[in-house]
Structure formats: C-alpha cells, structure tokens
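Going by the numbering used here, 193 is the number at position 183 of the sequence shown; the sequence numbering is gapless. Note that CB positions come from ideal geometry on N, CA and C, so glycine has one too.
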Amino acid sequence: TPPSNSEPERGFGKSATSQGTAPASAVPLPHNYALIFATDDYAHWPHLTNPVPDADSLSQTLESLYSFQVEELRNPTNEQILGKLTEYLHRTFQPQDQLMIFISGHGYFDNDLGQGFIVPSNAPLVQDDPGHTRLLAHDTIMRYVNRIPSKHVVLIIDACFAGTLDRKIADSGLRGDPSLDIYTHVSLPELIQRKEPKRTRRWIASGGKDFVPDGKPGHHSPFMAALLVTLNQAADRKGYATLDDIQLGLNTVSPEPRWGDIQDENDAGADFILLTPTAAAQLSKPNR
C-alpha cells in the first residue's frame, strides 16, 4: 500500500548536430547531449505536478553550466519515447561524446512479474491493460540505451520503483550503500585522459523498490532538488562534475537513490564528466 502523505507519489504497484572544428587540445573534449522525457499530464493515470518543471530546470542547468545540447519531450506517448530512442540508435557520435538520458513521471512495479515499468502519457490503467502493452519495461529501455553508439551514456530515472532497473532490487528489495571513488589527487586533464577510453553505461534512480514523492507544487521533487544543487555546487567549486559527485550529492535524499551498471556493459573505472565552459576552455588550449 502506498505511504499516506500529502504529496502525490510517482507510481503504483500491486505491492510494495554538426560540430565546428575545434582547436588542437591537450585532451579530447566531449560534446555533451541530453535526451529528456518528462510526463505530468496523463490520459488515464493521476496527473503529477513537477516532472515537466523538473525537466525544464535540468535542461537549463545542463545548457547553461555544462554546455549540453538538450532535447526535451514533454508528456510523450510510448510510441514517441521508443521512436526517439530509435532515432538516437542511428545517430553518429564521436568517441569522447557523452549522452545523458533522463526520464521523469509515473512508475509501476508488477510484483507477479518482478518487473518495473515507466508509464507513458497514453498508458491505460493497469486493470484495463493487464498485459501492460502501453507501459515501457525497464528491460526494454535499458536494451535501447545500451545500444546507442555514444561511448558514454548515463540513464537517470525519477519515478517510483526506478531502482528495479537492478534485478537484485526487483527480486529482493534490499538496500545498500554506494561505493564512492573521489578523485581528490588527480588533475582534470589526467582524469579525462584516464576515463575517456572506457565505455560508460550507468543508471541512477530516485529510489529502489520504493514509492518516491512528486514534491510539493512549485517545488522540485526531492531527488531533482538534490541533483540540481549538486550540479551547481560542483560547477562553482571546481568547474566539473563526475558520477561520484552526483552520487555523493544524492546521499541525503529519502528514499535512498540507487545506481548501477546497465546490462553489465560498464567498463571498470568508467565515468561521465561534465565540464563547465571555463574548464573546457582551459583544456582546449593548444599543446606547446
């Protein structure tokens, strides 16, 4: 049974472009892309308050602080989500390019199947569609994401039961502590040169096998609020953000966010490094 509180929950369950020529640089610099899906208006499910405003704020932060090229789809249907992911399957990326995919809205968990789903805007209620023909299974989303030809991809989901991307969480519901590796003694050029060759396939979820709050009207979800603060603080403090920074910044959120590898395709030591324009300009200075 969902917890009782004054804020709506993001889910239900039976239980529980062309680039210019860059100057020669000391290190290869990524082009950063973000694909954002956010749904708060549903044909059949209860409406939510904050997914689209959350997505708008994330888009603005990624564009203004980290020079991302952002594509945002509001209230997409399942056909639109899969169509856009298919489009990205056929895009051309450079070896150092990075792609962030963000999904926000309702989630659903089928305890009988042990499977989590994302709820598109056109999905019928579960009792009207027992085969879940309009829901998007986490396994399906991860198969698409894993095949996108960008070497560095991070999937972030802010929805109920998003942590069931991890089969161990779907099966057991156990919670765990993140493993952090903070790069306190590594220069930024060394960090980028070390991480760029490694294939990144990571996911971050706003909770495990949990209902997660939508947040109060006019405010971000707790997960998004912490993510935005983390991205802003990292930009101000050192000019870049890593996955370790993001995971550490999310540690205070309740329910506890989760993260893991996408289909075991993440290279050991891989990362996703967000650079501010100032940091990128310093790295772009020609070798002497």
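For residue j and residue i, believed in contact at Cβ under 8 Å, the rounded distance
{"i": "PRO134", "j": "HIS54", "result": "5 Å"}
{"i": "ASP289", "j": "LEU198", "result": "As written in the sequence, residue 289 is Ala, which differs from the Asp given in the question. So it is a contact: roughly 6 Å between Cβ atoms."}
{"i": "TYR43", "j": "ASP107", "result": "7 Å"}
{"i": "GLY98", "j": "ILE158", "result": "Sequence inspection shows Tyr at residue 98; the Gly mentioned does not correspond to that position. Yes, they are in contact, since the Cβ atoms of TYR98 and ILE158 sit about 5 Å apart, within 8 Å."}
{"i": "ASP277", "j": "ARG209", "result": "5 Å"}
Beta carbon of residue i nearer than 8 Å to that of residue j
{"i": "LEU284", "j": "ALA251", "result": "yes"}
{"i": "ILE91", "j": "ALA169", "result": "no"}
{"i": "PRO61", "j": "GLY115", "result": "yes"}
{"i": "VAL196", "j": "PHE282", "result": "no"}
{"i": "LEU95", "j": "HIS162", "result": "no"}
{"i": "HIS142", "j": "PHE119", "result": "no"}
{"i": "PHE233", "j": "PRO267", "result": "yes"}
{"i": "LEU146", "j": "ASN85", "result": "no"}
{"i": "ASN242", "j": "THR71", "result": "yes"}
Best match in the options for proximity to residue i [C-alpha to C-alpha]
{"i": "ALA65", "options": "ARG204, PRO40, SER231 and THR96", "result": "SER231"}
{"i": "ASP51", "options": "ASN132, HIS41, THR102 and VAL163", "result": "ASN132"}
{"i": "THR49", "options": "LEU146, VAL129 and TRP213", "result": "VAL129"}
{"i": "MET152", "options": "GLN292, LEU58, SER264 and TRP213", "result": "TRP213"}
{"i": "LEU45", "options": "GLU81, PRO38, LEU39 and LEU72", "result": "GLU81"}
{"i": "GLN292", "options": "LEU258, LYS248, HIS57 and HIS100", "result": "LYS248"}
{"i": "SER264", "options": "ASP138, ALA215, ASN88 and GLU73", "result": "ALA215"}
{"i": "PRO105", "options": "ILE202, PRO56 and HIS57", "result": "ILE202"}
{"i": "THR286", "options": "ILE256, THR210, ALA245 and TRP269", "result": "ALA245"}
{"i": "THR150", "options": "LYS205, ASP138 and GLY93", "result": "GLY93"}
{"i": "ARG101", "options": "VAL136, SER160 and PRO38", "result": "SER160"}
{"i": "LEU39", "options": "GLY259, GLU200 and HIS57", "result": "GLU200"}
{"i": "VAL239", "options": "GLY259, ASP254 and LEU253", "result": "GLY259"}
For residue i, the residue or residues it bridges with in DSSP
{"i": "TYR43", "result": "GLN79 and LEU109"}
{"i": "THR210", "result": "HIS162"}
{"i": "TRP269", "result": "ILE214"}
{"i": "GLN125", "result": "ASP120"}
{"i": "ILE167", "result": "ILE113 and ALA215"}
{"i": "TYR250", "result": "LEU285"}
{"i": "ALA48", "result": "ARG84 and SER114"}
{"i": "ALA147", "result": "PHE127"}
Is the segment 57-77 touching the segment 268-281, taking contact as three or more C-beta pairs under 8 Å? no
Check whether the segment 71-81 touches the segment 115-130, taking contact to mean three or more Cβ pairs, one atom from each stretch, closer than 8 Å. no
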